[in-house]
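Student: Just so we're on the same page, the numbering used here is the position in the first sequence counted from 1, plus 90.
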Amino acid sequence: MKHRPANTVIVLDFETTGLSPNKGDRAIEIGAVRVEDGRITDRFQRLMYPSQRISGFIESYTGITNRMLQDADPAEHVMAEFADFIEDFNLVAHNASFDSKFLISELARIGQPCRQLFACSLLVARRLYQDAPNHKLGTLVRYKNLPTDGTFHRALADAEMTTHLWLKMLEDMESRYGIDQADFALMQKLGKTVKGKTDEFLRKSAVTA
DNA sequence: TGCCAGGCCCTCTTTAGGGCCTT
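1) So for Asp289, helix, strand or coil by DSSP?
2) Anyone know if the C-beta pair for Met259 and Leu218 falls short of 9 angstroms?
3) Taking the alpha carbon of Glu250 as the reference point, which residue from Ser145, Gln278, Gly128, Met158 has its own alpha carbon closest?
4) Are three or more beta carbon pairs between the region 258-276 and the region 204-220 nearer than 8 angstroms?
5) Here's the rule I'm using: 16 or more other beta-carbon atoms within 10 Å means buried, otherwise exposed. How should Asp301 be labelled?
6) Please report how far the alpha carbon of Leu193 lies from the alpha carbon of Ile118, in whole angstroms.
7) Measure the alpha-carbon distance for Asp161 versus Arg143 and round it to whole angstroms.
8) If you follow the beta strand (DSSP E) that Thr309 is in, where does it begin and where does it stop?
9) So Glu264 and Asp270 are in contact, right, with Cβ under 8 angstroms, and what is the actual spacing, rounded?
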């Protein structure tokens, strides 16, 4: 039987041609990290050819060029490999609404559904770190002094920073609220909790967690 | 025809508008 740790999430990040798959935008890179019981145990990073040229803005924003993508595997091949990587584990992303719509869109192109649940590190960070200057990923990394190699807007680097943020938020929930079993479901609920009721929610969760 | 993201959340709110965040 395959080993399946109870507390495992996949933290992922897409680089894309733009903001909306509904308007024809495609994924150009996927990066992801497998986290088992608070430890990074595996990584996935692949460029993918999106069947269209990317804009100068995206080349500048990500550092990914049209030339780099010419040699990349088709998105369909990469997404099939990625589907195997994520299995049916729960997923985490910074501004998950963005990554989830691209994941759904790219998996649909290869006839695969997306059944995994998402939690959003952005929404949780807005609850926990209300004094942060803002809640961009890079700002939060500096605000919490999290590990970074200085690379931003590349899929694996962003997924790793999101992972460190996620683990830091779990740690802070324990030290601040005494929640030592903050699981995926709790973090998902926290992201959906009305901001003004966060403390009440966490106090109640501390009792029931 | 003309426009073109969309979900979350705050506030001068809920019969709305606008900022944040992702590429």
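We put the beta carbon where it would ideally sit given N, CA and C, even for glycine.
Tutor: With the structure as the only source:
1) The residue you call residue 289 lines up with position 199 of the first sequence. Of the three classes helix, strand and coil, the one that applies to Asp289 here is helix, per DSSP.
2) In the first sequence, the residue the question calls residue 259 occupies position 169. In the first sequence, the residue the question calls residue 218 occupies position 128. Going by C-beta atoms, Met259 is nearer than 9 angstroms to Leu218.
3) Walking along the first sequence from the start, residue 250 turns up at place 160. Closest by alpha carbon: Gly128.
4) yes
5) Shown here, the chain extends from 91 to 299; a query on residue 301 therefore has no answer.
6) Start at 1 with the first residue of the first sequence, and residue 193 comes out as number 103. Start at 1 with the first residue of the first sequence, and residue 118 comes out as number 28. So the alpha carbons of these two residues sit roughly 12 angstroms apart.
7) Position 71 of the first sequence, counted from the start, is the residue given in the question as residue 161. Position 53 of the first sequence, counted from the start, is the residue given in the question as residue 143. Taking the straight line from one Cα to the other gives about 13 angstroms.
8) The requested residue 309 is not part of the displayed model; the chain covers only 91 to 299.
9) Within the first sequence, residue 264 is the residue found at index 174, counting from 1. Within the first sequence, residue 270 is the residue found at index 180, counting from 1. 5 angstroms between Cβ atoms; contact.
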